[in-house]
Every structure is written in structure tokens, then in C-alpha cells.
């Protein structure tokens, strides 16, 4: 987890994140005191787990004292619960938070002593230093010897900093964030314990699909810090010495216990039903209200429209920073009206947080539909309406917009975009191999039409984005969905985002699997179609079921970029062993496609990979030659300077010596040329350079390889015509006319 910013005060954090005004504390009118038995138990405990219970006791006791002297709102009936070894289950993993905040009445689920992340609005992580600093030891001794006294709470201020174990003035570590669709940002690296808190936030984001942001508390010995996570990054408050600064400690307690759902980070556009228990553990039966929206023929409709969420989320993207895509099944609410939306039809509402500088998905879809012929429009999502909430709009409530004094690299700004469109079926749900082939070919064609007619390249093809619909006769046809990472296909005007790595790992082109990916081109999308086909033959049963991913495709999703690229290369270059593996892993329904589709396409991409490898090697060879040439010419230049400074009566032996020096340099280059020669031999056999006759030796060494290397032209868009739409269709036995 990167994208960390720090420096926000406890007061600002509580005000802008939890929405609590410190004026409600009635400062100075009453005296707060820590319970001596609890704080002594906390500081004297030898183990970290032993501190969970007394800390929760301090929290609850502070709230009890607050309740006696103030009138605090109580929206969610929250309480702290120390967990110890209790597991908390998410949709993807189980974790073991040290302490959680839960709603009143929330208990472990039926399958053992476990809680569910969807029941937990906030987690805490504890850290006890095994070797506390001398300052920490002095502080503990001071407290244990009676140096801590109850005092009137009349101000909110940080008295002093307690050593947190980090050296002052220490340089911030630099790490690289890889989010898949964004430029890399450098920031501070979290500690292992801080990463645990981020993992709890990850599960909270990825379980139900109803969170805009998630908060947490990190307790390290005698200090605590407040943490905030959203789709843009993380924010950490100043450290608070919670035993010696009771005013700020009480402020945190009051804010947590009186927090409403919106300030806990739950999506405010979703109105949850009045159900028993924790009302935010499900989105089913919620109401989604869009206060305004846009359509294809109206940039802004100011009449609100409401939709009922008919079931749990169809898709929740696993992650923190990024688009955070969530797809909810919806129907038009009774009595609601919206042009083009039918009350009897099922729709989906897609929530996402794209980078604000990207091309807008809704505008791209409407542009595509207006740019292509009517017969092809049915293959593009019939987007009904959209809502984009940007910075400055009240509905775009993200606390980071008003938090002050943030330190760290500025993150990429994002917007909340909601699209409402018909509910389509997933590619895996086709009923037969014939249907699969028809849908796949149709998707291949519409992708081609959009690229060359609308000048838009998709750039994120996957099994989840290739969908289908049925016409009135129940005939299946493809829907090319999810255009949020698309880019202008005009190769002369590549934007900055065109070089951002985009795609879904198992389906990404090999050339893009590197630290500095090139511009995403049409041929890369064609390669994605191939990897989607391979995934289908391994996993689709054609009865709505999908097999778990096998070891072969798992290697396309894990490891370094180089590891994943090599795994795909090995798949292309495999011999009889691979053929046997293919036959063993392919589902019975897809057996007929191995010979007529998979193997011909694999042969085509083998030729492409060979051409691209040769081209890459030639470029490397040329760079090596130029570097070698620069070294030699520098020696020649120095020789000439020496000649110019020589006296007229100097004999020729010196010049002879200098010629020998040039020979030594040349010999050294030849000694280094073994690697160059091996690369040259792997690339291609080169014909001898054309041209004859002797030239006068000017002293400057010419690059005789330049012309040789340039004799092999390179067409970037098609990899020298090895990957084209026509060749793809040819490989699967399809005509090149629609």
C-alpha cells in the first residue's frame, strides 16, 4: 500500500472524516480521569494481545464519562470488541484484527467463532515494541511512579511527541505503486504492522461494495494514529500520546461512538432498508437515488431518479487504490420515471472511480454508438444514463478534499462515475460451443469496427468484459462492455495515459508485461482475444459453470512482470509436452476448438513473437553499436587534438603509437563483442553490406551496422503484418467480410 500522505492533525481528522465538532465536548466544564486500574494494566502488560482488553476498557470508560456530561448523538450504537485470535471473514480472505468496532447486537457468524468483515465498520491494529526506546521506558516509569494525574479537559492540543521508534529527520522510503491503469507514483512505504491495517481496509472495500472510504486506528505502545483509506490513497494523522493527552483521546472516543454511516465511509447515495442487526452488511433492498444525471441527448437532467437494488453486488473489484468497480443489479423504483428505462427490465448500476484525466466512459460509449453503423450498435452497451460526481460537488464527499497540511506525493485525482445500463450475460453463460463461436466472432468484429470507425481502442479485454445479449428470437450476440480504460486510437496523438499499463493480467499482451510498457496498440488487443480464448477452453463448461484456474494460467497472474511474460512465451513455444497438457486441461465442451482455432492462432502468435523478439534484439544491437562507435570516435577525436598540438619535427613513430592505441581500444570492443555476436546470431543472418570501392580514410569510424539493421523495416501497428485482424480471422477459418 503506497500513496500515503501524512501530517493531518487529530482535530482536523475528527472534524472532516468523522464529522464531529469538538464544541460538543463542553471543554473545561468537567473533569475527565483515566481509570487507574486500566491504564496500569495496559502499560504493564508484557504481551501485545494482553493490551487489547484494557485499551477497550479505557475507550468505553471515556465514553461513559462523556455521556454523563455531554449529549452526544448515537447513530449506529457502536461498541469496541477485542478479538485476540478470532478470525474475521471477507469474501476473499480471513484476517485477524486485534480490535474491531461493531454495531450493537453483531455477534460471530454461525460457522465457528468468526465475524464477517461486512459487519465491521472499523478495525484497529496494535503494535508493541519488543525493544522500546529509552524515551518510551522513561515515560512508562513516569506513569507508574504517579506522574500521571487526572486533569480538567479545557483544550485540545498536542502537548508533546512521544518517540515512536522512528528517527527524526529520517528520509522517507520510496516505493513504486502499480495500480494497473495509472502512472506510477512514489511514496512512503508502510511498515508491516501498518500494512495489516491496510489489509483490513482492503477486505472492507471488497466485501459488500458499499464503501466510499474506510478508517482505522493504529495503536503503537503509548501512541495512536487515525488512518483513512479511499480509492485515491491513504492518509495518516499525527501520532497521539493518548494517556498524556486526554482531551484529544476523548475527542476520538466521542467521534467514533457518535459517527453516522456516511462519516464511517458508507456510500451516501445508497439508502439502506430498516432491517434488524447491522443495516450496512448488505446492499440488497437498498434504494439508489441519483439526484441528477446525463443521457445521450441531454447533458444534465436535474430530476432525481431512484432504483431498487434487487440483490447483492454482481461484482466488487478487489483492491483499495484504483477504479474500485462495483456493479449492482437494479430496477426502476415504483413510481420513478426515466426516459428509455423500462420498469419491467433488469439493469445494472456500475460504480467506479476513474482517474479524472481519463476519457469519460459514458461519452466514449455514446461517441462509439454515433460513429458506427446501426447494425453494429447492438454490440455496444445501450447506456441509459450516467452520473459523474467531481471535486467541488457536495455529493462527491471525500474527506481528503478538505484535510489540511498533508505531506507526501500528490495523488492522482479521481471522480465517482455511475452508469446505468441493461443487464447483460457473461461470456461463460453461453449454452453451446456454436453460441460461443458466434458471440466471440461478433465481438472480434465490433472491436475492429470501433477501432477503425470511431477511432477508439478498448485496451482492457477480458472474460468479464466480453458479454452477450439475446434478441427477441433468443439468438445470442456479443456485447463489448466496459470502456473505462479506452483510448483514442489515433496513433499520431497518443495521450499520457496511452502509456499507462492497462488490462487484466491473464489476458494482457506479452509486450505490455514489463516495467516500462510501450504504447498500447490494436495488436495488443488482438493478442488479448487469444488469451481470452485460451482461458475459455481451460475453464468454461458451457453450462454456466467455470473451473478454478489451473497452474498454467496461474503463472500468467503471479510473480514479476518478467515472470508472467516468460510464462506466456513458454506457452507459445511449448512442444509436444504442451500439446499433451492442453488436451488434459481443456474442458470437454471446447475439445473441437483445439485443432481448428487454438493451434492456428498459437502458430500466428508464435510468428509475431519471433518477429517482435528479433526487432527488439536489433534495436538493442544498434544501441550497442552506437555506444561502441561513440567510444571509438572519442579516442579518434583525442588523437586529432594531440596531432594538432604536435610540433612539425615530430617523427612518425608517435603517430604509429597512437594507431596502436586505437587498435587496443578496438580489441577491447571486440573482446566485449561476444555478447553482441550471440545476439546477432539469434536475430537473423545478415547479408553483406552493399556498395564497393575504397573510400578515403577520414579517421572517423563509421557505423557500418546502421544500414544493415535498417534494412529490416518495422511496422509498429501490426508487428510487420504478423498480427492483423485479417490474419486472425484467417487462422480461425472465418471470411474477412462481415
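In this note's numbering, the protein residues as written are 670 to 1407.
Yeah, the Cβ is synthetic: ideal placement off N, Cα and C, and Gly gets one too.
Q | residue 747 to residue 926 span [Cα, whole Å] | A | Rounded to whole angstroms, the separation of the alpha carbons of residue 926 and residue 747 is 6 Å.
Q: Have a look at residue 709 and residue 905 and give me their C-alpha separation to the nearest angstrom.
A: When rounded, the distance between both Cα atoms is 28 Å.
Q: Tell me, please, which residues DSSP counts as bridged to residue 910.
A: DSSP links residue 910 through a beta bridge to 892.
Q. Which full runs of the alpha helix (DSSP H) of 4+ residues lie inside the stretch 1091-1155, going along the chain?
A. Complete alpha helix (DSSP H) runs here, min 4: 1102-1118.
**Q.** Sheet register partners of residue 962 (DSSP bridge)
**A.** Answer is 970.
Q. How about the stretch 945-955 and the stretch 973-980: do they share at least three Cβ pairs that are nearer than 8 Å?
A. Counting Cβ pairs under 8 Å, three or more are found: they touch.
**Q.** Sufficient close CB pairs (3 or more, under 8 Å) joining the stretch 888-902 to the stretch 1103-1112
**A.** Counting Cβ pairs under 8 Å, fewer than three are found: no touch.
Q: Taking only the alpha-carbon atoms, compute the straight-line gap between residue 1194 and residue 1247 and give it to the nearest angstrom.
A: Straight-line Cα distance between these residues: approximately 24 Å.
Q: Pick helix, strand or coil for residue 793, following the three-state DSSP scheme.
A: Of the three classes helix, strand and coil, the one that applies to residue 793 here is strand, per DSSP.
Q: Within 10 angstroms of the Cβ of residue 705, are there 16 or more other Cβ atoms? Answer buried if so, exposed if not.
A: By the 10 Å Cβ count, residue 705 comes out exposed.
Q: Note the first and the last residue of the continuous alpha helix (DSSP H) segment covering residue 734.
A: It spans 721-738 - the alpha helix (DSSP H) in which residue 734 sits, taken as one unbroken run.
Q: Name, in chain order, the residues that DSSP records as bridge partners for residue 898.
A: Answer by DSSP bridge pairing, in chain order: 883 and 903.
Q: Grab the span of the alpha helix (DSSP H) containing residue 709 for me, first residue to last.
A: First-last of the alpha helix (DSSP H) with residue 709: 705-713.
Q.
For residue 1178, report the span of its alpha helix (DSSP H) as first-last.
A. Unbroken run through residue 1178: none, as it is neither H nor E.
Q: Name the residue from 1118, 738, 715 and 1284 whose alpha carbon lies nearest to the alpha carbon of residue 1040.
A: Checked all of 1118, 738, 715 and 1284; the closest Cα to residue 1040 is 1118.
Q. Where does residue 1086 sit, in a helix, a strand or coil, going by DSSP?
A. Strand at residue 1086.
Q: Kindly indicate the opening and closing residues of the alpha helix (DSSP H) around residue 1018.
A: For residue 1018, no alpha helix (DSSP H) encloses it; the enclosing beta strand (DSSP E) starts and ends at 1016-1021.
Q: Measure from the alpha carbon of residue 766 to the alpha carbon of each residue in 793, 1036 and 1138, then state which is nearest.
A: Nearest in C-alpha terms to residue 766, of all of 793, 1036 and 1138, is 793.
Q) With burial defined as no fewer than 16 other Cβ atoms inside 10 Å of the residue's Cβ, what is the status of residue 835: buried or exposed? A) Unreliable placement is indicated for residue 835, whose pLDDT of 33 sits below 50; the coordinate value is still reported in the next sentence. Classification of residue 835: exposed, given that the 10 Å Cβ count is below 16.
Q: Can you say whether residue 934 is buried or exposed, counting buried as having 16 or more other CB atoms within 10 angstroms of its CB?
A: Its Cβ being crowded by 16 or more others within 10 Å, residue 934 is buried.
Q: Please classify residue 876: does DSSP put it in a helix, a strand, or coil?
A: If DSSP states are grouped into helix, strand and coil, residue 876 belongs with the helices.
Q: Might you give, ordered along the chain, the residues of its own chain that have their beta carbon closer than 7 Å to the beta carbon of residue 1269, omitting 5 neighbours on each side?
A: The residues are 1400 and 1401.
**Q.** First and last residue of the uninterrupted beta strand (DSSP E) at residue 1396
**A.** Here residue 1396 belongs to no beta strand (DSSP E); instead the alpha helix (DSSP H) covers 1394-1400.
(Q) Using the Cβ count rule (16 or more neighbours within 10 Å means buried), how would you classify residue 1182? (A) By the 10 Å Cβ count, residue 1182 comes out buried.
(Q) Can you list, in chain order, the residues of its chain with a C-beta nearer than 6 Å to that of residue 1392? Leave out the 5 residues immediately preceding and following it. (A) Once the five neighbours on either side are set aside, the close Cβ partners of residue 1392 are 1192, 1195 and 1277.
(Q) Suppose you measure from the CA of residue 1129 to the CA of residue 790; what does that come to, to the nearest Å? (A) Approximately 33 Å between the Cα atoms of the pair.
Q: Please classify residue 675: does DSSP put it in a helix, a strand, or coil?
A: Strand at residue 675.
(Q) For residue 919, tell me which candidate among 1030, 1049, 674 and 700 has the shortest Cα-Cα distance. (A) Measuring from the Cα of residue 919, the nearest candidate turns out to be 700.
Q. Would the beta-carbon of residue 985 fall within 9 Å of that of residue 760?
A. In this structure, residue 760 lies closer than 9 Å to residue 985 by Cβ.
Q: Ignore the nearest five residues each way along the sequence and tell me which others in residue 1281's own chain have a CB closer than 6 Å to its CB.
A: Closer than 6 Å at the Cβ level, and outside the excluded window around residue 1281, lie 1388.
Q) Do you know whose CA, among 1286, 908, 1141 and 991, lies nearest residue 676's CA? A) If you compare the alpha carbons of 1286, 908, 1141 and 991 with that of residue 676, the shortest gap goes to 908.
Q: Mind checking which residues open and close the beta strand (DSSP E) that includes residue 1073?
A: Segment: none, residue 1073 is in no beta strand (DSSP E) and carries neither H nor E.
Q: Starting from the Cα of residue 971, find the closest Cα among 1007, 989 and 903 and give me that residue.
A: Answer by Cα proximity: 1007.
Q) Any idea if residue 784 is buried or exposed, counting beta-carbon neighbours within 10 angstroms, 16 or more meaning buried? A) Taking all protein chains in view, the Cβ of residue 784 is crowded by 16 or more other Cβ atoms within 10 Å, so the residue is classified as buried.
**Q.** Nearest residue (CA-CA) to residue 685, options 772, 910 and 882
**A.** The shortest Cα separation from residue 685 among 772, 910 and 882 belongs to 882.
Q. In chain order, what residues of the same chain lie with their CB nearer than 6 Å to the CB of residue 787, ignoring the 5 residues before and after it?
A. If you ignore the 5 residues before and after residue 787, its C-beta comes within less than 6 Å of the C-beta of 876, 877 and 950, all in its own chain and listed in chain order.
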